[in-house]
Every structure is written in C-alpha cells, then in structure tokens.
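See below for the structure under consideration.
Protein chains: 2
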Amino acid sequence: MEKILGIFDKFPFLSDSSKTGFLSNLEEVKFEKGELLEEEGKVSQYLYYFLEGAARSYYRRNNRDITVSFTLEGEFVTAMHSFISRKPSYENIETLEKSKAYRISHDTLLNMFENFPETERAYRMILEEYYIVLEEQQIFAKFKSARERYLELMEYRPKVIQKASVGHIASYLDMSIETLSRIRAKI
Amino acid sequence: MEKILGIFDKFPFLSDSSKTGFLSNLEEVKFEKGELLEEEGKVSQYLYYFLEGAARSYYRRNNRDITVSFTLEGEFVTAMHSFISRKPSYENIETLEKSKAYRISHDTLLNMFENFPETERAYRMILEEYYIVLEEQQIFAKFKSARERYLELMEYRPKVIQKASVGHIASYLDMSIETLSRIRAKI
DNA sequence: CTGATTTATTGATTTTCGTCAATAGTATTT
DNA sequence: AAATACTATTGACGAAAATCAATAAATCAG
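Just so you know, the sequences run in chain order A and B. Just so it is clear: in the first sequence, position 93 is 93 by our numbering, and no numbers are missing. Here our numbering runs 1000 ahead of the position in the second sequence, where the first position is 1.
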C-alpha cells in the first residue's frame, strides 16, 4: 500500500480495499501562489490534503480579512462549516505559495461512506481533530495577552510565521498589525 | 417507534433496529441541582441527552470558572474534547437545576458503531453540530462588543439568561461580572 | 426568622490594545 | 534601475473593558 504519503497514518484500521478505493477517488491538484481553493458564497465541494505548500483560510468582515487557520503539509483542510452543512461558505481558502494537494469531493466522500463504511470513521476522526483544534484555540486565546498568543504560535507552529505575512498572522491572533509589529520588535 | 423524546428527530435515516438497539443502551439518570456529570481530570465517559433541566460546562483557569457552554432540554452534551481524545477532561459539567437525562457510555457507543454502523453516522452528525456551534461562537465573539454579545444571547438563548447566574453568563460571554451588570442596568 | 455567606450592583481608576498618521522598507512592474 | 504599490514599523492618542473597592441584595443554614 502507498507509503509516500502520510495520508493514512492516522487511520490504521482502514482495510486495504478501503484504502485503494479511497485513493482511486482522490484527485491530485496543483496551485500557484494566491489561488483560491474555496470561495465564500459557494458551497464547499472539496476536502483537501496538503502534500506540499501552505494555505490560509479566512473570511471577510468590515472590509478586512480575518484569517482563521493555516494549513501546512500533511494536514487536511476544507471550509468545514460549509462542507458539513452544505450551505454557502463564508470562508475563503487561498494558497500562500505554490502547492500540491489531494482532494476528494463531498459527493464522492458520501459514496465512499456507503461502499466502505470504515471511511466514515476516518472522516469522523478528521472531524474530531478539527473540533479539538478549534476548541483548544478558543481556550488558548481566551486567557493570553497579545504577546503570549504570539509566543505560543512561535513555539507550536513556527512555520506559519515563516510563511505568512504580518497582516495574516495579526488577524489570526486577533490583534492589530501594529500591535504585532511592536511585539516582534521586542521579543 | 418512541415518540415522546425528540432524540431521533435529527437522524431520520436510522433503521428501527438501530433505534431499538440504541435505546436499549441508554441509561436514564436524574440529578439534583449542582451535581457534577463530568469532572476535570477524569476521562469523560458519557454522552448525555437532556430530557429536563439544564447544565453548564466550565473549566478553571486562574482560580476562576470559565463557562464554555450551556445545555438545555433536547440537547446533547459531553466533555467533547475528552470524550473524543480519551484523555483527562479539563472541563466540568454541572447541573444548574434538578435534571433528567439519558446517557450512553463511550464504550457502549463504540460497540453500537460495530453492531449498527448507521449510528456512527448519527454520532458524526452530533459532532458536526458541536463543531458548527463552536465555530459560530468563535466568530460571533470576535466582532461583537460586550453589549452586542449579551443582546445576541438574549435573542437566541433567552432560557440561558433565566437559568444561569450573572457570573456564569459573564464568563461565558467573556466579560467581567461588573461589565455584564452594567449592560443589564441599561438595556 | 435571623445571621452569615454568596451574588449582584455601582463607582473610581488603570491597562491593554485599537485607531489614526507618518515614515521606512520591500516587492513588483515597466 | 526608477517608479509604483504593497507591507511593516513607530509614535501619539483614545476607547472599551478589566481590576479594585465599597455597598446592596439575595440566598442559604441553623
């Protein structure tokens, strides 16, 4: 069974037939820097698995971009809210650099659930992880000062700091660009 | 099939045998006001469905209680982070009043998934709803002033305001008790 | 019912961080 | 390489809400 990609690492219970079935339904896609994978107003069609590159998810409010997450290699991403609810997304997902990913459409995923019930479990686990990340983020943000939030990001996801702009990081950490700039000045 | 309880309302795809199997694995439990259903430091064992009463989920930080959610009749609740990860919970769940609930243990739930694969889908949907609520909460919190957050709670979940104390509501809305008190003074 | 303890209100002060504004630095285009 | 347009830094100021502190009201225990 495929080894090159870590995509099944977290789903050891999947049978070979499920894996094969799953892989045959994946589509490999490449993106240049700044391309939109998912767009607000449209129902999110795909679940992505990043092989190379990076992306950010963001939405717009008061003419401003609010970054809600960054996706790096080896991670799944979609506009989960829309992907789940089948309602129009308020999120955009754009690549921060040239990227390569696998993707599977929502329809295909539902078919997979019918043909290979184990895959529903794998999806459930992706959802669980998504949930946990969101919950940790929420708690993490609640008690930390702007400075502490930045230091934690540096500690746990330094690659994000390398790949994203000050503006993206600031909105992700829920502070103004100026505040972030001042924090960086006196690390 | 049972009609009294709305527990299956959102899962119309469940077969009668799944429903019967599920119901036979539910345990009915009653609580007085202030009882702990789940406790920090312990792995969350149960998923609850509230028939009557209300509860709040909270964790402790800096000697303070931070309320993360309220559960009313007809809603599911657990310390989801722990229930998912099987790691010790940092959340507590306590009843706000005399309550009645169904509950199912994590082990039983996993067995159900084996015997009635459809139930895994129902669980997935509970998880999805949990996720969506959390995400909406996060965005909701980000752009609203203290006053607006309170007004929205009044609009969408007025029962919470009736049943919870000012302290609980304030921490849930991420503001000080004093601020909430002042907001209430001049509605 | 009464005293004690917890919960809520109101006022004064402080702090953190956002906004506005000017400047500097980096990229991108021609 | 010069011109233009983003992106980042730094300073001055102000606003929202936190903290500290003192009462007041409500709840609970005996």
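Glycine included, each C-beta is placed from N, C-alpha and C at the ideal position.
{"Item": "Strictly under 7 Å for the Cβ-Cβ distance: is A/GLY167 near chain B by that measure?", "Value": "no"}
{"Item": "Give every residue of the same chain whose Cβ lies closer than 7 Å to the Cβ of B/HIS1191, excluding the five residues on either side of it in the sequence, and list them in chain order.", "Value": "Because chain B spans 1001 through 1187 in this model, residue 1191 of chain B falls outside it and cannot be assessed."}
{"Item": "Using a cut-off of 7 Å between C-beta atoms, extract the partners of B/HIS1195 located in chain A.", "Value": "For residue 1195 of chain B there is no data in the structure shown, the boundaries of chain B being 1001 and 1187."}
{"Item": "Would you say A/ILE104 and A/LEU47 are within 7 Å of each other, going by their C-beta atoms?", "Value": "yes"}
{"Item": "B/GLU1038 versus chain A: which residues are under 7 Å apart at the beta carbon?", "Value": "By Cβ distance, chain A contributes nothing, its closest Cβ being about 15 Å from B/GLU1038, past 7 Å."}
{"Item": "Please classify B/GLN1162: is it buried, with 16 or more other beta-carbons within 10 angstroms of its beta-carbon, or exposed?", "Value": "exposed"}
{"Item": "Shorter than 7 Å from the beta carbon of A/GLU128 to some beta carbon of chain B?", "Value": "yes"}
{"Item": "Which value, in whole angstroms, describes the spacing of the CA atoms of A/HIS106 and B/LEU1072?", "Value": "32 Å"}
{"Item": "Could you tell me the boundaries of the beta strand (DSSP E) in which A/GLU40 lies?", "Value": "First-last for A/GLU40: undefined, no H or E at that position."}
{"Item": "Output the distance between the C-alpha atoms of A/GLU36 and A/ILE7, rounded to the nearest integer angstrom.", "Value": "Looking at the sequence provided, one finds Leu at residue 36 of chain A rather than Glu. Each residue's alpha carbon lies about 22 Å from the other."}
{"Item": "Per DSSP, A/ASP9 is paired with what?", "Value": "Note: A/ASP9 sits in no beta bridge, so no partner."}
{"Item": "Take the Cβ of A/LYS3 as the centre, count every other Cβ of all protein chains shown within 10 Å, and call the residue buried at 16 or more, exposed below.", "Value": "In this prediction, A/LYS3 scores a pLDDT of 47, lower than 50, which makes its location untrustworthy; the coordinate-derived value is nonetheless stated afterwards. By the neighbour-count rule (16 or more Cβ atoms within 10 Å), A/LYS3 is not buried but exposed."}
{"Item": "Nearest by alpha-carbon distance to B/SER1018: which of B/ARG1157, B/GLU1135, B/ALA1122 and B/LYS1142 is it?", "Value": "B/ALA1122"}
{"Item": "Look at the Cβ atom of A/LEU44, then the Cβ atom of A/SER89, and state whether they are nearer than 7 Å.", "Value": "It is worth fixing the name first, because residue 44 of chain A is Ser in this sequence and not Leu. Contact: yes."}
{"Item": "Hey, which unbroken runs of the alpha helix (DSSP H) at 4 residues or more fall wholly within the region 1081-1127 of chain B?", "Value": "1106-1115"}
{"Item": "Would you list the residues sitting across from B/ASP1065 in a DSSP beta bridge?", "Value": "B/ARG1060"}
{"Item": "Would you say A/ARG61 faces chain B, with C-beta separation under 7 Å as the test?", "Value": "yes"}
{"Item": "Is it the case that the region 1078-1087 of chain B contacts the region 168-185 of chain A, given that we only count it when at least three CB pairs across the two stretches are under 8 Å?", "Value": "no"}
{"Item": "Just to confirm my understanding: we take A/VAL160, look at its own chain, exclude 5 residues before and 5 after, and list those with CB closer than 6 Å. What are they?", "Value": "PHE70"}
{"Item": "Just to confirm, are B/ALA1054 and B/GLU1120 a CB contact at a threshold of 7 Å?", "Value": "no"}
{"Item": "Using a Cβ-Cβ distance cut-off of 7 Å, determine whether B/ILE1004 contacts chain A.", "Value": "Confidence in B/ILE1004 is poor, its pLDDT being 49 and thus under 50, which makes the residue's placement unreliable; the coordinate value appears in the next sentence. No - not a single Cβ of chain A is within 7 Å of the one on B/ILE1004."}
{"Item": "If distances are taken between C-alpha atoms only, which option among B/GLU1039, B/THR1179, B/GLU1118 and B/PHE1011 comes closest to A/GLU114?", "Value": "B/GLU1118"}
{"Item": "Beta-carbon separation of A/GLU91 and A/TYR131 under 7 Å?", "Value": "no"}
{"Item": "Find the residues of chain A that neighbour B/SER1085, judging by a C-beta separation of less than 9 Å, and give them in chain order.", "Value": "GLU128 and ILE132"}
{"Item": "Could you work out which residues of chain B lie near A/PHE143, taking near to mean beta carbons separated by less than 9 Å?", "Value": "ARG1061, ASN1062 and ILE1066"}
{"Item": "For the region 1114-1125 of chain B, which residues have a beta carbon sitting closer than 8 Å to at least one beta carbon of chain A?", "Value": "PRO1117, GLU1120, ARG1121, TYR1123 and ARG1124"}
{"Item": "From A/TYR102 to A/GLU178, what does the alpha carbon distance come to, in whole angstroms?", "Value": "37 Å"}
{"Item": "For A/PHE138 and chain B, any beta-carbon pair shorter than 7 Å?", "Value": "Reading the sequence as shown, one finds Gln at residue 138 of chain A and not Phe. Closer than 7 Å: yes."}
{"Item": "How would you label A/LEU14, buried or exposed, when you count the other beta carbons within 10 angstroms and need 16 or more for buried?", "Value": "buried"}
{"Item": "If you reduce the DSSP assignment to three classes, tell me which class B/LYS1142 lands in.", "Value": "helix"}
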